[in-house]
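Below is one structure; the comments refer to it alone.
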Amino acid sequence: MASNPSDQNLNDDRLPVVVLISGSGSNLQALIDTQEDIGIRIAAVISNKPSVLGLKRAMEARIPAEALNHKDYETREQFDQALMELINSYNPKLVVLAGFMRILTPEFTRFYEQRLLNIHPSLLPKYKGLHTHRRALEAGDAEHGVTVHFVTSELDGGPPVIQARIPVRSGDTEETLQKRVLVQEHIIYPVAVGWFASGRLCLKENKALLDNVPLPAQGFQHTVLSTPE
Ligand code: GRF
3 MASNPSDQNL NDDRLPVVVL ISGSGSNLQA LIDTQEDIGI RIAAVISNKP
53 SVLGLKRAME ARIPAEALNH KDYETREQFD QALMELINSY NPKLVVLAGF
103 MRILTPEFTR FYEQRLLNIH PSLLPKYKGL HTHRRALEAG DAEHGVTVHF
153 VTSELDGGPP VIQARIPVRS GDTEETLQKR VLVQEHIIYP VAVGWFASGR
203 LCLKENKALL DNVPLPAQGF QHTVLSTPE
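Using this note's numbering, you'd call the opening residue of the sequence shown number 3 and step up by one each time.
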């Protein structure tokens, strides 16, 4: 399913990025739409699930789109090894997980340490793992949100970079919460990736630094001006 990166500009000094997805790819779309402005070039999009909408989005943007089906591999280690080889063939300086629904092996996370970002739909460290919107509702939280973080071997446990928090409204359902959180995801992911691309953001000694200053434990707090109904 790879398309030909024939229109790639060799003098392009934007940061080459590989984006990993498993589904609809709305965060990928936010990065595609902002890539010029934030100084990145999406070198490839890789999905562990074939035929997902995210791959179509990549192809429409003339970005090489690859499907690497985890079901074709006997073990997680074998899949991650193949995934690393595929990623590395595009020589990225940053790997972005955008709704990539696979647990990664320590070999993988170690290899891309300091250049691997993820977006997780909760106010980390709350609600690592799945069903974050449901869990926030069940707990009766007044606030919910989303976090971009560096990836380490601990699932959803790497240092936060930026967070957006939204109020939980009475009458909210998983769907309404998810929708309002997603709007914020599409704002803060390009911000974080842009910081990395411009050299402002890095990971040192397990701390996320912005302009060489350690970020707060929950990351930079993005101000949400208003949220749609
Ligand atoms: C997002 O909610 C993201 O935070 C989570 O998976 C979802 C992916 O959505 N990790 P999309 O594929 O970007 O639309």
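Note that CB positions come from ideal geometry on N, CA and C, so glycine has one too. Remember, predicted model here, so these are calculated numbers, not experimental data.
Could you compute how far the alpha carbon of N71 sits from the alpha carbon of G196? 29 angstroms
Does Q31 come out as helix, strand or coil in the three-state DSSP assignment? helix
C-beta atoms of N120 and H151 nearer than 8 angstroms: yes
Which residues mark the beginning and the end of the alpha helix (DSSP H) in which T178 is found? 176-199
Between the beta-carbon of G101 and the beta-carbon of G41, is there less than 8 angstroms? no
Of the listed residues V21, E140, A84, Q116, nearest to N208 (C-alpha basis): Q116
L126 versus I34 - alpha carbon distance: 26 angstroms
Bounding residues of the beta strand (DSSP E) (the contiguous stretch that carries K209): 209-212
Residue from L106, A166, D213 with nearest C-alpha to T77: L106
Enumerate in chain order the residues of its own chain whose CB-to-CB distance from T36 is below 6 angstroms, with the five nearest sequence positions on each side excluded. P192
Span of the beta strand (DSSP E), counted from its first residue to its last, around E145: 145-152
Measuring only the C-alpha atoms, how far is A32 from F113? 26 angstroms
In chain order, what residues of the same chain have a beta carbon less than 6 angstroms from the beta carbon of R137, not counting five sequence neighbours either side? Y129
Can you name the start and end residues of the beta strand (DSSP E) that K206 belongs to? 203-206
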